[in-house]
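Colleague: In our numbering, each residue carries its 1-based index in the sequence shown increased by 137. Glycine included, C-beta positions come from ideal geometry on N, C-alpha and C. There's a structure below that I have some questions on.
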Amino acid sequence: MARKKPLVIVTRKLPDVVETRMCELFDARLNLDDKPMSRSELAAALATADVLVPTVTDRIDVELIGLAGEQMKLIANFGNGVDNIDVAAAADRGITITNTPGVLTEDTADMTMALILAVARRIVEGAKLIPSGEWIGWSPTWMLGRRITGKRLGIVGMGRIGQALARRAKAFGLQIHYHNRRHVASAIEEALEATYWESLDQMLARMDIVSVNCPHTPATYHLLSARRLKYLHPHAIVVNTARGEIIDEAALTKMLETGELGGAGLDVFEHEPAVSKKLIRLAEAGKVTLLPHMGSATTEGRIDMGEKVIVNVKMFMDGHRPPDRVLPSML
Numbered sequence: 138m139a140r141k142k143p144l145v146i147v148t149r150k151l152p153d154v155v156e157t158r159m160c161e162l163f164d165a166r167l168n169l170d171d172k173p174m175s176r177s178e179l180a181a182a183l184a185t186a187d188v189l190v191p192t193v194t195d196r197i198d199v200e201l202i203g204l205a206g207e208q209m210k211l212i213a214n215f216g217n218g219v220d221n222i223d224v225a226a227a228a229d230r231g232i233t234i235t236n237t238p239g240v241l242t243e244d245t246a247d248m249t250m251a252l253i254l255a256v257a258r259r260i261v262e263g264a265k266l267i268p269s270g271e272w273i274g275w276s277p278t279w280m281l282g283r284r285i286t287g288k289r290l291g292i293v294g295m296g297r298i299g300q301a302l303a304r305r306a307k308a309f310g311l312q313i314h315y316h317n318r319r320h321v322a323s324a325i326e327e328a329l330e331a332t333y334w335e336s337l338d339q340m341l342a343r344m345d346i347v348s349v350n351c352p353h354t355p356a357t358y359h360l361l362s363a364r365r366l367k368y369l370h371p372h373a374i375v376v377n378t379a380r381g382e383i384i385d386e387a388a389l390t391k392m393l394e395t396g397e398l399g400g401a402g403l404d405v406f407e408h409e410p411a412v413s414k415k416l417i418r419l420a421e422a423g424k425v426t427l428l429p430h431m432g433s434a435t436t437e438g439r440i441d442m443g444e445k446v447i448v449n450v451k452m453f454m455d456g457h458r459p460p461d462r463v464l465p466s467m468l
């Protein structure tokens with residue numbers, strides 16, 4: 138007698154090739170119209186499924202986890218971060234958490250470098266001028282941006298993405314600086330010609346460009362606080378492709394409004410999908426470049442993420458430790 142397939146509920150539309158494979162391996166319930174699940178729908182999914190496959194926009198907090206059925210044993214997050222899940226509460230209920238690390242590294246690093254260039258060279262502003270009919274010809278003093286070669290780049294969080302960004306930035310002639318919980322391996326540091334700063338405050342005070350590339354955890358909430366943002370030079374650029382909560386967005390916005398910063402490039406927001414009207418007005422004025430959380434949005438990346446989810450679910454249901462298990466002690 139064939140073993141019953143596990144019931145796997147997927148909260149959002151995934152690439153077709155991923156969904157097809159899920160249906161082959163599991164009793165998969167898909168979200169074909171891609172509308173985010175409501176809180177009550179998430180609660181119902183946790184109460185009935187063996188495995189839940191949420192995304193970074195699904196908030197699985199302690200209250201929802203408390204509603205999980207006895208059969209719920211795995212939450213296989215479709216995403217690199219797990220800040221949308223109360224990992225400790227899940228562990229207390231005997232629910233395993235997995236994520237999809239590594240597969241979006243290069244894509245996010247590409248987008249971070251693109252934002253650095255876009256802000257420094259005013260690319261988005263310039264791209265709007267020809268369609269609007271405002272361009273009347275070349276001028277020696279018009280639309281001047283900032284050269285990035287020779288500038289200091291401070292990377293906050295030197296994990297996979299931070300290192301991938303550093304490789305790209307070095308090729309553009311940027312000087313690499315970083316703040317991390319600890320030094321990276323000496324071989325990596327030497328290859329990148331990177332300078333380590335134990336003090337984030339001291340690093341910020343000396344950088345031309347700052348890129349946020351650390352995960353969002355309780356320890357990194359508002360890591361770039363109003364106090365720390367004040368250390369930045371008025372010409373400095375801030376780029377964030379990690380999580381919006383890492384920066385005090387209200388303080389950043391105020392500094393952009395008053396000209397205390399040279400610009401910002403944001404792919405993530407503190408209260409997304411809501412974006413403050415002040416930030417939108419600043420974008421319209423060319424003082425900030427805003428993107429709709431698309432740092433990892435490549436076809437290849439999304440398929441790779443889906444394949445990692447499938448491997449984690451299959452390994453777990455076969456009685457093995459999934460390769461991308463997340464423990465509370467890791468956060």
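Applying the 10 Å Cβ sphere with the 16-neighbour rule, what's the burial state of Val450?
Modeller: Classification of Val450: buried, given that the 10 Å Cβ count is 16 or more.
Colleague: Taking the Cβ atom as the reference point for each residue, do Asp385 and His359 lie within a distance shorter than 8 Å?
Modeller: The answer is yes: Cβ separation under 8 Å.
Colleague: Start and end of the beta strand (DSSP E) containing Ala401?
Modeller: Element bounds for Ala401: Gly400 to Leu403.
Colleague: When you compare the CB positions of Leu167 and Val147, do they come within less than 8 Å of one another, or not?
Modeller: Contact flag set, yes.
Colleague: Which residues in the same chain as Glu397 place their Cβ atom closer than 7 Å to its Cβ, once the five residues preceding and following it in sequence are excluded?
Modeller: Same-chain partners within the cutoff: Pro371.
Colleague: Which runs of the alpha helix (DSSP H) spanning at least 4 residues fall entirely within the stretch 226-270, listed in chain order?
Modeller: Listed in chain order, the complete alpha helix (DSSP H) runs (minimum 4 residues) inside the stretch 226-270 are 242-258 and 260-269.
Colleague: When the Cα atoms are used, what is the spatial distance from Gly423 to Arg196?
Modeller: For Gly423 and Arg196, the distance between alpha carbons rounds to 33 Å.
Colleague: In terms of alpha-carbon separation, which member of Leu183, Gly456, Ser362 and Ile292 lies closest to Arg343?
Modeller: When each option's Cα is compared against that of Arg343, the closest is Ile292.
Colleague: Compare the beta carbon distance of Ala118 and Gly294 with 8 Å and say whether it is the shorter of the two.
Modeller: Because the chain spans 138 through 468 in this model, residue 118 falls outside it and cannot be assessed.
Colleague: Opposite Asp164 in the DSSP bridges: which residues?
Modeller: Answer is Leu144, bridged to Asp164.
Colleague: In terms of residues, what are the limits of the alpha helix (DSSP H) holding Thr378?
Modeller: No alpha helix (DSSP H) contains Thr378, which DSSP labels as neither H nor E.
Colleague: Count Cβ pairs between the stretch 453-466 and the stretch 269-279 that sit closer than 8 Å; are there 3 or more?
Modeller: With the cut-off at 8 Å, the stretch 453-466 and the stretch 269-279 do not touch.
Colleague: If you draw a straight line from the alpha carbon of Met209 to that of Gly239, how long is it in whole angstroms?
Modeller: Near 26 Å, if we compare the C-alpha coordinates of Gly239 and Met209.
Colleague: I'd like to know whether the C-beta atoms of Thr237 and Ala301 end up nearer to each other than 8 Å.
Modeller: No. Outside cutoff.
Colleague: Where does the unbroken beta strand (DSSP E) through Val293 begin, and where does it stop?
Modeller: Its beta strand (DSSP E) spans residues Arg289 to Val293.
Colleague: Which of helix, strand or coil does DSSP assign to Leu189?
Modeller: If DSSP states are grouped into helix, strand and coil, Leu189 belongs with the strands.
Colleague: Could you pull out every residue in the same chain whose Cβ sits closer than 6 Å to the Cβ of Met138, ignoring the five residues on either side in sequence?
Modeller: Residue confidence for Met138 is low, a pLDDT of 46 falling below 50, so the modelled location carries little weight; the figure read from the coordinates is stated next. Excluding positions up to five away in sequence, the list is empty.
Colleague: Going by DSSP, what residue range makes up the beta strand (DSSP E) through Ala434?
Modeller: Looking at the DSSP string, Ala434 is not in any beta strand (DSSP E), and its letter there is neither H nor E.
Colleague: With a threshold of 16 other CB atoms inside 10 Å of the CB of Val190, please say whether the residue is buried or exposed.
Modeller: Its Cβ being crowded by 16 or more others within 10 Å, Val190 is buried.
Colleague: Roughly how many whole angstroms lie between the Cα atoms of Lys391 and Ile234?
Modeller: Roughly 38 Å between the two C-alpha positions.
Colleague: Between Ala401 and Leu389, what straight-line distance do the alpha-carbon atoms span, to the nearest angstrom?
Modeller: Roughly 9 Å separates the two Cα atoms.
Colleague: Going straight from the alpha carbon of Met174 to that of Val321, what length do you get?
Modeller: Straight-line Cα distance between these residues: approximately 40 Å.
Colleague: Give me, in chain order, the residues of the same chain whose beta-carbon lies closer than 7 Å to that of Phe309; leave out the 5 immediate sequence neighbours on both sides.
Modeller: Here the set comprises Ile285 and Thr286.
Colleague: Reducing DSSP to helix, strand and coil, say where Gln339 ends up.
Modeller: Helix at Gln339.
Colleague: Assuming Val256 contacts Thr426 (C-beta within less than 8 Å), just tell me the rounded distance between them.
Modeller: Confirmed, about 5 Å.
Colleague: Among residues of its own chain, excluding the 5 on either side of Ala246, which ones have a beta-carbon nearer than 7 Å to its beta-carbon?
Modeller: Excluding positions up to five away in sequence, the list reads Ile298, Ala301, Leu302 and Arg305.
Colleague: Touch check for the stretch 332-348 and the stretch 360-370: three-plus C-beta pairs under 8 Å?
Modeller: Short answer: they touch.
Colleague: Assuming Ile346 and Ile447 are in contact, meaning their beta carbons sit under 8 Å apart, how far apart are those beta carbons, in whole angstroms?
Modeller: In fact, because the Cβ distance is near 38 Å, the residues do not count as touching under 8 Å.
Colleague: Count the other CB atoms within 10 Å of the CB of Met159; is the residue buried (16 or more) or exposed (fewer)?
Modeller: Burial call: buried.
Colleague: Could you give the first and the last residue of the continuous beta strand (DSSP E) run that contains Leu169?
Modeller: Premise fails: Leu169 is in no beta strand (DSSP E) and is neither H nor E.
Colleague: Which same chain residues, not among the five before or five after Leu416, have their C-beta less than 7 Å away from its C-beta?
Modeller: Closer than 7 Å at the Cβ level, and outside the excluded window around Leu416, lie Thr390, Val425 and Leu427.
Colleague: How is the beta strand (DSSP E) around Ser348 delimited, first residue to last?
Modeller: Unbroken beta strand (DSSP E) run through Ser348: Ile346 to Val349.
Colleague: What does His316 pair with, by DSSP beta-bridge criteria?
Modeller: Note: His316 sits in a beta bridge opposite Val293.
Colleague: Any idea if Lys288 is buried or exposed, counting beta-carbon neighbours within 10 angstroms, 16 or more meaning buried?
Modeller: Answer is buried; the Cβ neighbour count reaches 16.
Colleague: Under DSSP, the beta strand (DSSP E) around Ile197 begins and ends at which residues?
Modeller: Counting along the chain, Ile197 falls outside any beta strand (DSSP E), and DSSP gives it neither H nor E.
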